[in-house]
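There are 2 protein chains.
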Amino acid sequence: MEPFDLYIVGCGSANPTQKHRPACQVLSTRGKLFMIDCGEGTQMRFARMGLSMKRVGHIFISHTHGDHCMGLPGLICTMGLLGRTSQLHIHAPQELEPFLQTSLQTFCPDLDFQVQFHAVDTRAHQIVHEDRSVEVWSLPLHHRVPCCGYLFKEKPGLPHIIRDMIDMYEIPVSQINNIKAGMDWTLPDGTLIPNSRLTTPPSPTRSFAYCSDTAPSRSLVPLVHGVDLLFHEATFPKDEELRARLTAHSTSTEAAQIAKEAEVKRLCIGHYSSRIKDESLLLHEAQTIFPNTIAADEGMHVKI
Amino acid sequence: MEPFDLYIVGCGSANPTQKHRPACQVLSTRGKLFMIDCGEGTQMRFARMGLSMKRVGHIFISHTHGDHCMGLPGLICTMGLLGRTSQLHIHAPQELEPFLQTSLQTFCPDLDFQVQFHAVDTRAHQIVHEDRSVEVWSLPLHHRVPCCGYLFKEKPGLPHIIRDMIDMYEIPVSQINNIKAGMDWTLPDGTLIPNSRLTTPPSPTRSFAYCSDTAPSRSLVPLVHGVDLLFHEATFPKDEELRARLTAHSTSTEAAQIAKEAEVKRLCIGHYSSRIKDESLLLHEAQTIFPNTIAADEGMHVKI
Numbered sequence: 001m002e003p004f005d006l007y008i009v010g011c012g013s014a015n016p017t018q019k020h021r022p023a024c025q026v027l028s029t030r031g032k033l034f035m036i037d038c039g040e041g042t043q044m045r046f047a048r049m050g051l052s053m054k055r056v057g058h059i060f061i062s063h064t065h066g067d068h069c070m071g072l073p074g075l076i077c078t079m080g081l082l083g084r085t086s087q088l089h090i091h092a093p094q095e096l097e098p099f100l101q102t103s104l105q106t107f108c109p110d111l112d113f114q115v116q117f118h119a120v121d122t123r124a125h126q127i128v129h130e131d132r133s134v135e136v137w138s139l140p141l142h143h144r145v146p147c148c149g150y151l152f153k154e155k156p157g158l159p160h161i162i163r164d165m166i167d168m169y170e171i172p173v174s175q176i177n178n179i180k181a182g183m184d185w186t187l188p189d190g191t192l193i194p195n196s197r198l199t200t201p202p203s204p205t206r207s208f209a210y211c212s213d214t215a216p217s218r219s220l221v222p223l224v225h226g227v228d229l230l231f232h233e234a235t236f237p238k239d240e241e242l243r244a245r246l247t248a249h250s251t252s253t254e255a256a257q258i259a260k261e262a263e264v265k266r267l268c269i270g271h272y273s274s275r276i277k278d279e280s281l282l283l284h285e286a287q288t289i290f291p292n293t294i295a296a297d298e299g300m301h302v303k304i
Numbered sequence: 001m002e003p004f005d006l007y008i009v010g011c012g013s014a015n016p017t018q019k020h021r022p023a024c025q026v027l028s029t030r031g032k033l034f035m036i037d038c039g040e041g042t043q044m045r046f047a048r049m050g051l052s053m054k055r056v057g058h059i060f061i062s063h064t065h066g067d068h069c070m071g072l073p074g075l076i077c078t079m080g081l082l083g084r085t086s087q088l089h090i091h092a093p094q095e096l097e098p099f100l101q102t103s104l105q106t107f108c109p110d111l112d113f114q115v116q117f118h119a120v121d122t123r124a125h126q127i128v129h130e131d132r133s134v135e136v137w138s139l140p141l142h143h144r145v146p147c148c149g150y151l152f153k154e155k156p157g158l159p160h161i162i163r164d165m166i167d168m169y170e171i172p173v174s175q176i177n178n179i180k181a182g183m184d185w186t187l188p189d190g191t192l193i194p195n196s197r198l199t200t201p202p203s204p205t206r207s208f209a210y211c212s213d214t215a216p217s218r219s220l221v222p223l224v225h226g227v228d229l230l231f232h233e234a235t236f237p238k239d240e241e242l243r244a245r246l247t248a249h250s251t252s253t254e255a256a257q258i259a260k261e262a263e264v265k266r267l268c269i270g271h272y273s274s275r276i277k278d279e280s281l282l283l284h285e286a287q288t289i290f291p292n293t294i295a296a297d298e299g300m301h302v303k304i
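For the protein sequence lines, the chains are Y and H, in the order given.
Reminder that position 122 of the first sequence reads as 122 in my numbering, one-by-one numbering, no gaps.
Reminder that position 64 of the second sequence reads as 64 in my numbering, one-by-one numbering, no gaps.
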């Protein structure tokens, strides 16, 4: 099965700490890397994790708080220094564009590749990007500035051919793609071999939802229903609910409650406040409500 | 003697490596920190080195290449989060202002402190900042964009009182400042004690020049003549002189030649190309010409 893997590049929040880095995650599938948020220092962390900037074609930014996007200018300039020529797409709330354009104008006006900005309507749940392998949907979130999450839905692949049957019926290689596309096979004696004897169904599709930063939002529940992995911010522990309300963030238990109601398969929490000394407290609080919870950490690699 | 200390926060160049960080240095004197350049990630490194953002009142930026100033927006936002109220002064080439203003507008429009931008004429050698303890002068450099270094000249302190003489003549504490200011002392019997018997001369003043990024520049020699410490970029080794010319940088031997001609007391090299595997090669090349050379490294603390 093709990988559909999440890399946690940074899972801290606004005020940097010795332990956590500003927000950045990377979804890797079919040779492509989708970057989600790009906090300060992302380019350095990226290289350290063995990820290649060349494979990043699309970057999705949730909102214009610095810890989610200040790493963009440096990343883009370095892509230029490394000789990139292929277009880079930035999907973000409209509010990011002046910073992006001024940064490019100031630091790298002569890039050999185009940086294409796509304004995302943070209030709408709609497809913001689509290719042969995935659909990326915006997820309206509730934060202090326009903000949205992103839902990555893998598209169904082709059926798998059954190698032994192909060999037995001596089906030529030139016909494999037709068989994968659903064609039956007729033997020289006229016998029809139905496609179902030559293939097994495609691998199940997978999905990942990134929801940060946000106050707990009921309206998110149907949008992320049943996803394989939900990343939901849990900036504060349960007993700092008041602070969560004041700052439009979520507590660990609130994140878990959303995961439970949305019947997701797995929850990953992160975006820890700099006041958190021990994330295992947040993890335990979340697991009480939604047992299949993991706690994000820098360098973590999650197979979805 | 008051400290006049240099901290190397980052001494890499444009293309980030696992070893070196983008440019940032801090000069610490009389309780104040003067920051020079502010590459991406400076705020994280700063805290790690035990330096306090609160003590930074003035930041001096050499030029608008990203590895020298992309850390400013994050640093300023974090100062705001930490409750800063005192004015922050940014001295930089005019070209930086749009990036700075757009960043503040995007990420922290409601700061509780004022960020005052001061455009520096990079072609002039003149005082750009002055307080009771130091003068900061611009140093015209030759790079691909308008660029200047900065010369920090300590002002003479007051003479030191000779405690034993003060005690012997029973001079009251209230008169110490007058004695420091040069006053003689008259004993009850009318005998005049000249000031020279009560004080020793003030500590010698110290100076530090930061010169990065630049092609080797003869016109720099008289401006940094005799400084206690010269930081001069040495992006490349001797055998990459052609590359140094093409990129308007210096080699290790060129940096040492400037130090020698300017008769500085000590040279510190840095701003290493990402292609450098072993900085000791550059150090040895420089020491051949100017023996009293040290090689910058992250976290280094140099007493001047």
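All C-beta atoms in this analysis are idealised placements derived from N, C-alpha and C, irrespective of residue type, glycine included.
- Task: Could you name the residues of chain H that Pro73 of chain Y contacts, counting a contact when the two beta carbons are closer than 7 Å?
- Result: Within the first sequence, numbered from 1, the residue matching residue 73 of chain Y stands at position 73. Result: Gly66, Met70.
- Message: Using the three-state DSSP reduction, which class does Lys155 of chain H fall into: helix, strand or coil?
- Response: Translated into the one-based positions of the second sequence, residue 155 of chain H becomes position 155. DSSP places Lys155 of chain H outside both helix and strand once states are collapsed to three, so it counts as coil.
- Message: Which residues does DSSP list as the beta-bridge partners of Lys32 of chain Y?
- Response: Counted from its first residue, the first sequence places residue 32 of chain Y at position 32. Note: Lys32 of chain Y sits in a beta bridge opposite Y:Thr29.
- Message: So with CB distances below 7 Å, who are the chain Y contacts of Leu81 of chain H?
- Response: Position 81 of the second sequence, counted from the first residue, corresponds to residue 81 of chain H. Going along chain Y in sequence order, the residues near Leu81 of chain H (Cβ under 7 Å) are Ala14, Asn15.
- Query: Looking at the structure shown, is Ala295 of chain Y part of a helix, part of a strand, or coil, going by DSSP?
  - Reply: On the first sequence, position 295 is the one that residue 295 of chain Y refers to. Looking at Ala295 of chain Y - three-state DSSP - the assignment turns out to be strand.
- With 8 Å as the threshold, decide whether the Cβ of Cys77 of chain Y is near any Cβ in chain H. Against the first sequence, residue 77 of chain Y aligns to sequence position 77. Output row for Cys77 of chain Y: interface = yes.
- Query: Counting pairs of Cβ atoms below 8 Å between the stretch 278-285 of chain Y and the stretch 4-17 of chain H, do you hit three or more?
  - Reply: Counting Cβ pairs under 8 Å, fewer than three are found: no touch.
- Secondary structure at Leu141 of chain Y, three-state DSSP: helix, strand or coil? Taking the first sequence and counting its residues from 1, one reaches residue 141 of chain Y at position 141. DSSP places Leu141 of chain Y in coil when its eight states are reduced to three.
- Message: Please list, in chain order, the chain Y residues whose beta carbon lies closer than 9 Å to that of Arg48 of chain H.
- Response: Numbered from its first residue, the second sequence carries residue 48 of chain H at position 48. For Arg48 of chain H, the C-beta contacts it makes with chain Y under 9 Å involve Gln18, in order along the chain.
- Task: May I ask you to report which of helix, strand or coil DSSP gives Asp67 of chain H?
- Result: The sequence position of residue 67 of chain H within the second sequence is 67, counting from 1. Residue state, collapsed to three classes: helix.
- Separation of Ala256 of chain Y from Asn292 of chain Y, as counted between CA atoms: Position 292 of the first sequence, counted from the first residue, corresponds to residue 292 of chain Y. Position 256 of the first sequence, counted from the first residue, corresponds to residue 256 of chain Y. Asn292 of chain Y and Ala256 of chain Y have their C-alpha atoms some 9 Å from each other.
- Task: Closer than 9 Å, Cβ to Cβ, to anything on chain H: give me those residues from the stretch 92-106 of chain Y, in chain order.
- Result: Listed by position, the residues of the stretch 92-106 of chain Y near chain H (Cβ gap below 9 Å) are Glu95, Leu96, Pro98, Phe99, Gln101, Thr102, Ser103, Gln105, Thr106.
- Task: Report the residue from H:Glu241, H:His271, H:Glu170, H:Pro73 whose alpha carbon sits nearest the alpha carbon of Gln25 of chain H.
- Result: To locate residue 25 of chain H, count along the second sequence from 1; it is residue 25. Of H:Glu241, H:His271, H:Glu170, H:Pro73, the residue nearest in Cα terms is H:His271.
- Message: I'd like the list of long-range same chain contacts for Ile276 of chain H, defined as Cβ closer than 6 Å, with 5 residues on each side in sequence excluded.
- Response: For this step, residue 276 of chain H is matched to residue 276 along the second sequence. Closer than 6 Å at Cβ, skipping near neighbours: no residue.
- Anyone know if the C-beta pair for Leu230 of chain Y and Ala244 of chain Y falls short of 8 Å? Along the first sequence, one-based indexing puts residue 230 of chain Y at 230. Along the first sequence, one-based indexing puts residue 244 of chain Y at 244. Judged by their CB atoms, Leu230 of chain Y and Ala244 of chain Y are not nearer to each other than the 8 Å cut-off.
- When the cut-off is 8 Å and only beta carbons count, does Met44 of chain H lie next to chain Y? Mapped onto the second sequence, residue 44 of chain H falls at position 44. It does: the Cβ of Met44 of chain H has a partner Cβ on chain Y nearer than 8 Å.
- Message: I'd like to know whether the C-beta of Gly41 of chain H is nearer than 8 Å to at least one C-beta of chain Y.
- Response: Counting from one through the second sequence, the residue named residue 41 of chain H turns up at place 41. Taking Cβ atoms only, chain Y reaches closer than 8 Å to Gly41 of chain H, which makes this a yes.
- Item | Whole runs of the beta strand (DSSP E) within the stretch 182-227 of chain H, excluding any shorter than 3 residues | Every beta strand (DSSP E) stretch that sits fully inside the stretch 182-227 of chain H and reaches 3 residues is listed by chain position as 207-211.
- From the DSSP output, in three-state form, read off Lys303 of chain Y for me. Here residue 303 of chain Y corresponds to residue number 303 of the first sequence, with the count starting at 1. Looking at Lys303 of chain Y - three-state DSSP - the assignment turns out to be strand.
- Cβ neighbour criterion (16 or more within 10 Å) applied to Gly74 of chain H: Here residue 74 of chain H is taken as the residue at index 74 of the second sequence, counted from 1. Burial call: buried.
- Proximity winner among Y:Glu97, Y:Met165, Y:Asp213, relative to Asn195 of chain Y (alpha-carbon distances): Mapped onto the first sequence, residue 195 of chain Y falls at position 195. Ranking Y:Glu97, Y:Met165, Y:Asp213 by Cα distance to Asn195 of chain Y puts Y:Met165 first.
- Task: Report the residue from Y:Leu111, Y:Ile289, Y:Phe290 whose alpha carbon sits nearest the alpha carbon of Thr78 of chain Y.
- Result: In the first sequence, counting from the first residue as 1, residue 78 of chain Y sits at position 78. Nearest option by C-alpha distance: Y:Leu111.
- Can you tell me which of the three DSSP states Asp239 of chain H falls into? Here residue 239 of chain H refers to the residue found at position 239 of the second sequence. Assignment of Asp239 of chain H by DSSP, reduced to helix, strand and coil, places it in the helix class.
- Please classify Val173 of chain H: is it buried, with 16 or more other beta-carbons within 10 angstroms of its beta-carbon, or exposed? Position 173 of the second sequence holds residue 173 of chain H. If you draw a 10 Å sphere on the C-beta of Val173 of chain H, you find fewer than 16 other C-beta atoms in it, and that means exposed.
- Message: For the stretch 96-115 of chain Y against the stretch 124-133 of chain Y, do three or more pairs of beta-carbon atoms, one drawn from each stretch, fall closer than 8 Å, so that the two count as touching?
- Response: With the cut-off at 8 Å, the stretch 96-115 of chain Y and the stretch 124-133 of chain Y do not touch.
- Item | Gln87 of chain Y - DSSP class collapsed to helix/strand/coil | Here residue 87 of chain Y refers to the residue found at position 87 of the first sequence. The answer is coil: DSSP assigns Gln87 of chain Y none of H, G, I, E or B.
- 4-residue-minimum alpha helix (DSSP H) runs that sit fully inside the stretch 40-65 of chain H, ordered along the chain: The qualifying runs are 42-48.
- Message: With three or more C-beta pairs closer than 8 Å as the rule, is the stretch 13-23 of chain H touching the stretch 52-68 of chain H?
- Response: Note that the stretch 52-68 of chain H touches the stretch 13-23 of chain H; at least 3 beta-carbon pairs, one per stretch, sit closer than 8 Å.
- Message: Quick check on Gln100 of chain H: buried or exposed, where buried means 16 or more other Cβ atoms within 10 Å of its Cβ?
- Response: Locating residue 100 of chain H in the second sequence gives position 100, counting from the first residue. One detail in the question is off: residue 100 of chain H reads as Leu in this sequence, not Gln. Under this definition Leu100 of chain H is a buried residue.
- Message: Across the stretch 206-221 of chain H and the stretch 178-191 of chain H, are there enough close Cβ pairs to call them in contact, namely three or more that are closer than 8 Å?
- Response: In this structure the stretch 206-221 of chain H does not lie against the stretch 178-191 of chain H, because fewer than three pairs of beta carbons, one per stretch, are closer than 8 Å.
- CB of Val302 of chain H within 8 Å of CB of Val264 of chain H, strictly: As a first step, residue 302 of chain H is located in the second sequence; it is residue number 302 there, counting from the start. As a first step, residue 264 of chain H is located in the second sequence; it is residue number 264 there, counting from the start. In this structure, the beta-carbon distance from Val302 of chain H to Val264 of chain H does not fall below 8 Å.
- Same chain, Cβ closer than 6 Å to Thr205 of chain H, neighbours up to 5 away in sequence not counted: For this step, residue 205 of chain H is matched to residue 205 along the second sequence. Same-chain partners within the cutoff: Glu154, Pro156.
- Item | Length at least 3, wholly inside the stretch 75-122 of chain H: the beta strand (DSSP E) runs in chain order | Runs found: 88-92, 115-119.
- Cβ atoms of Val224 of chain Y and Leu151 of chain Y: under 8 Å apart, would you say? Start at 1 with the first residue of the first sequence, and residue 151 of chain Y comes out as number 151. Start at 1 with the first residue of the first sequence, and residue 224 of chain Y comes out as number 224. Contact flag set, yes.
- Message: In this structure, how does DSSP classify Ile171 of chain Y when only helix, strand and coil are distinguished?
- Response: Translated into positions along the first sequence, residue 171 of chain Y becomes position 171. Coil at Ile171 of chain Y, not helix or strand.
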